[in-house]
């Protein structure tokens, strides 16, 4: 059997075929030289990195261990009292009301609605105020805290954390919190005295402050957790001159509203339209909101408009109501509105319906009546509140009269007396100045009174009776020497109008008959008086 030698590579002088496994294994074994070189490289890298990496690793590990240990110790402190004695109370201070914002330097710090700030000590487990015991009369100090002091995720903090977040005054400045910062609890509740900031909050890391409260005496060694308010900004006092009022008043200048700056573009636009105060703004808002929106222009965005209107609507209005009855309605129909022209209801046929009971058509009609009322304010009748308005309507309906409160007749005020008032005869006498009627005229009125068909339901003063009495032929029975000018009237037409105003009053049948009976008696007396005078003159002749 012949053996062929492997063909050698002519270029390299070695076989072209692959090595056997034994030969390949021997080839992979590193030489001593290679091993020495690798070891030397590793040692050089280690010498280079060890001085840098070792301190870095040690520092990171140390910091992480310290943080973990600190958290563990804090948790032990917080839960230590519960672990030792689970029945012991957990007490904390608490602010009972919110601060009134914004806060300015030099201005007393108050709670909402201009009230004093209240601090109480409560049992955190039950939420009840501790009104007895040593803690209920503890001494409390009010301090200033950083605005970003929040505690942990459960709003807890240690005494050291609280102290570290107390803000002191800047160097060279007065005490940051001026005034009486100490108070003593009474029955577990205390009121903060007059305190104010002497510096703004713009220089702190959060640009905001918090008020904190801590017990300084009277806790009997038991820790009472401190209280803190929500964060707020403290501005310099000069900004108070331009601050917005919450809520605004009717007399406030219009720039006190949100999004309207003093002497700004919106302020000038409103001033040109004689909208100078909040009352003017609200009146235009309720009377003609599209026009008000047009006055402010496109520079006020929809969002700004909503903010301004919402702020204006928070204005506290008085309870007075105003009633306007257009001419010709005989005060049976009219609109009821408030001081800024907001429709409150509609009077229809002596029935008062509030705004929520009106249809859209009636609301538009009522709005148009308000516009007329503002143009003819002398025709408006005012009431103290809605209750007095409704009671007046009910009273007038029960009396059967057509007029409410008072009205303008012939250019002068004519107060409407009640149908049952004993002054009703003197009223018509003073207005009319009747002197006498002949027997024929009086007989006609007697028949009219005694005829039952003239009284329908509970009402009298039909049109034919009014026309009969107020006819010019009957007005001639007034004394010829009694002129309308002597009664404060301008003409005979005013006198006739006054008489019509009296006769147009509605009343129930019994009251009406009594009134007409009295009128008849007076007229009868004048007739007899005139006859006696004529006979006396005849005897003299």
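Numbering (full-length UniProt numbering), first residue to last: 1 to 541.
We put the CB at the ideal spot given by N, CA and C, even for glycine.
Checklist entry - Does the Cβ of residue 247 have 16 or more other Cβ atoms within 10 Å, making it buried, or fewer, making it exposed? => result Residue 247 sits at position 247 when you count from the first residue of the chain shown. The residue in question, residue 247, is exposed, as its Cβ has fewer than 16 Cβ neighbours within 10 Å.
Item to check | residue 210 - DSSP class collapsed to helix/strand/coil | outcome: For this step, residue 210 is matched to residue 210 along the chain shown. If DSSP states are grouped into helix, strand and coil, residue 210 belongs with the strands.
Item to check | residue 278 burial status per 10 Å Cβ neighbour count (16 or more: buried) | outcome: Residue 278 sits at position 278 when you count from the first residue of the chain shown. Classification for residue 278: buried.
Item to check | Three-state secondary structure assigned by DSSP to residue 555 | outcome: Because residue 555 is not part of the residues shown, which for the chain are 1 to 541, the question remains open.
Item to check | Per-residue DSSP class, three states only, for residue 186 | outcome: Locating residue 186 in the chain shown gives position 186, where the first residue counts as 1. Reduced to three states, the DSSP call for residue 186 is strand.
Checklist entry - Where does residue 367 sit, in a helix, a strand or coil, going by DSSP? => result Counting from 1 along the chain shown, the entry for residue 367 is found at position 367. Residue 367: helix per DSSP, three-state reduction.
Next on the checklist: I'd like the span of the beta strand (DSSP E) that includes residue 118, first residue to last.
Outcome noted: Here residue 118 refers to the residue found at position 118 of the chain shown. Its beta strand (DSSP E) spans residues 118 to 123.
Item to check | Status (buried if at least 16 other CB within 10 Å, exposed otherwise) for residue 184 | outcome: The residue you call residue 184 lines up with position 184 of the chain shown. Exposed, since its Cβ has fewer than 16 Cβ neighbours within 10 Å.
Checklist entry - Between residue 140 and residue 215, which are expected to be in contact by the criterion C-beta below 8 Å, what is the C-beta distance as a whole number of angstroms? => result Along the chain shown, one-based indexing puts residue 140 at 140. Along the chain shown, one-based indexing puts residue 215 at 215. Residue 140 to residue 215, Cβ: 6 Å. Contact.
Checklist entry - Rounded to whole angstroms, how far is the Cβ of residue 109 from the Cβ of residue 117, which I believe are closer than 8 Å? => result Counting from one through the chain shown, the residue named residue 109 turns up at place 109. Counting from one through the chain shown, the residue named residue 117 turns up at place 117. Their Cβ separation, rounded to whole angstroms, is 7 Å, which keeps residue 109 and residue 117 in contact under 8 Å.
Item to check | residue 210 burial status per 10 Å Cβ neighbour count (16 or more: buried) | outcome: On the chain shown, residue 210 is found 210 positions in, with the first residue counted as 1. It counts as buried.
Item to check | Where the beta strand (DSSP E) through residue 105 begins and ends | outcome: As a first step, residue 105 is located in the chain shown; it is residue number 105 there, counting from the start. Residue 105 -> no beta strand (DSSP E), and no H or E assigned at all.
Checklist entry - Would you call the stretch 144 to 151 and the stretch 197 to 205 in contact, with 3 or more CB pairs under 8 Å? => result yes
Checklist entry - Between which two residues does the alpha helix (DSSP H) containing residue 353 stretch? => result The residue you call residue 353 lines up with position 353 of the chain shown. Residue 353 -> not in any alpha helix (DSSP H); beta strand (DSSP E) instead, spanning 351 to 354.
Checklist entry - Taking all protein chains shown into account, do 16 or more other C-beta atoms lie within 10 angstroms of the C-beta of residue 469, making it buried, or fewer, making it exposed? => result Within the chain shown, numbered from 1, the residue matching residue 469 stands at position 469. In this prediction, residue 469 scores a pLDDT of 44, lower than 50, which makes its location untrustworthy; the coordinate-derived value is nonetheless stated afterwards. When all chains shown are included, residue 469 counts as buried.
Item to check | Enclosing alpha helix (DSSP H) for residue 304 [first to last residue] | outcome: Here residue 304 refers to the residue found at position 304 when the chain shown is read from its first residue. Its alpha helix (DSSP H) spans residues 302 to 313.
Item to check | Under 8 Å between C-beta atoms of residue 389 and residue 324 | outcome: Here the question's residue 389 lines up with position 389 in the chain shown. Here the question's residue 324 lines up with position 324 in the chain shown. No. Outside cutoff.
Item to check | CB of residue 197 within 8 Å of CB of residue 105, strictly | outcome: Mapped onto the chain shown, residue 197 falls at position 197. Mapped onto the chain shown, residue 105 falls at position 105. It is a contact, given that the beta carbons lie within the stated cut-off.
Checklist entry - When DSSP labels each residue in this structure, what does residue 528 get in the three-state scheme? => result Sequence index remark: in the chain shown, residue 528 carries index 528 (1-based). Reduced to three states, the DSSP call for residue 528 is helix.
Item to check | Option nearest residue 282 by Cα separation, candidates 339, 261 and 166 | outcome: Stepping through the chain shown from its first residue, residue 282 is reached at position 282. The shortest C-alpha separation from residue 282 is found at 339.
Next on the checklist: Please classify residue 56 as buried or exposed, where buried requires at least 16 neighbouring CB atoms within 10 angstroms.
Outcome noted: Counted from its first residue, the chain shown places residue 56 at position 56. Answer is exposed; the Cβ neighbour count stays below 16.
Checklist entry - With a CB to CB cut of under 6 Å and the five nearest residues on each side skipped, what residues in its chain are close to residue 351? => result As a first step, residue 351 is located in the chain shown; it is residue number 351 there, counting from the start. No residues qualify anywhere along the chain.
Checklist entry - Terminal residues of the continuous alpha helix (DSSP H) containing residue 271? => result In the chain shown, residue 271 corresponds to position 271, counting from 1. Looking at the DSSP string, the run of the alpha helix (DSSP H) that includes residue 271 is 265 to 272.
Checklist entry - Taking just the CA atoms, how far does residue 358 sit from residue 186? => result Counting from one through the chain shown, the residue named residue 186 turns up at place 186. Counting from one through the chain shown, the residue named residue 358 turns up at place 358. The straight-line gap from Cα to Cα measures roughly 54 Å.
Item to check | CB contact flag (residue 190, residue 179, <8 Å) | outcome: As a working note, residue 190 is residue 190 in the chain shown. As a working note, residue 179 is residue 179 in the chain shown. Contact flag unset, no.
Next on the checklist: By the three-class DSSP mapping on this structure, what secondary structure does residue 376 have?
Outcome noted: Along the chain shown, read from residue 1 onward, the residue named residue 376 stands at position 376. Correct three-state label for residue 376: coil.
Checklist entry - Going by DSSP, what residues sit across from residue 261 in a beta bridge? => result For the purposes of this step, residue 261 is taken as the residue at position 261 of the chain shown. Its beta-bridge partners do not exist; DSSP assigns none.
Checklist entry - Do residue 259 and residue 314 have their CB atoms nearer than 8 Å? => result For the purposes of this step, residue 259 is identified with residue 259 of the chain shown, where counting begins at 1. For the purposes of this step, residue 314 is identified with residue 314 of the chain shown, where counting begins at 1. Contact: no.
Checklist entry - Are the beta-carbon atoms of residue 256 and residue 244 separated by less than 8 Å? => result To locate residue 256, count along the chain shown from 1; it is residue 256. To locate residue 244, count along the chain shown from 1; it is residue 244. Contact: yes.
Item to check | For residue 60 and residue 171, the rounded distance between their alpha carbons | outcome: As a first step, residue 171 is located in the chain shown; it is residue number 171 there, counting from the start. As a first step, residue 60 is located in the chain shown; it is residue number 60 there, counting from the start. Answer to the nearest angstrom: the Cα atoms are 36 Å apart.
Next on the checklist: At 3 residues or longer, what runs of the beta strand (DSSP E) sit wholly inside the stretch 226 to 256?
Outcome noted: none
Item to check | Exposed unless 16 or more other CB atoms sit within 10 angstroms - verdict on residue 157 | outcome: Position 157 of the chain shown, counted from the start, is the residue given in the question as residue 157. Flag for residue 157 reads buried.
Checklist entry - To which residues does DSSP link residue 178 through a beta bridge? => result Position 178 of the chain shown holds residue 178. DSSP output for residue 178 lists 196 as bridge partner(s).
Checklist entry - So is residue 225 buried or exposed if we call it buried at 16+ other beta carbons inside 10 Å? => result For the purposes of this step, residue 225 is taken as the residue at position 225 of the chain shown. Burial call: buried.
Item to check | Contact under 8 Å by Cβ, residue 144 with residue 99 | outcome: Residue mapping note: residue 144 aligns to position 144 of the chain shown, counting from 1. Residue mapping note: residue 99 aligns to position 99 of the chain shown, counting from 1. Cβ atoms of residue 144 and residue 99: not closer than 8 Å.
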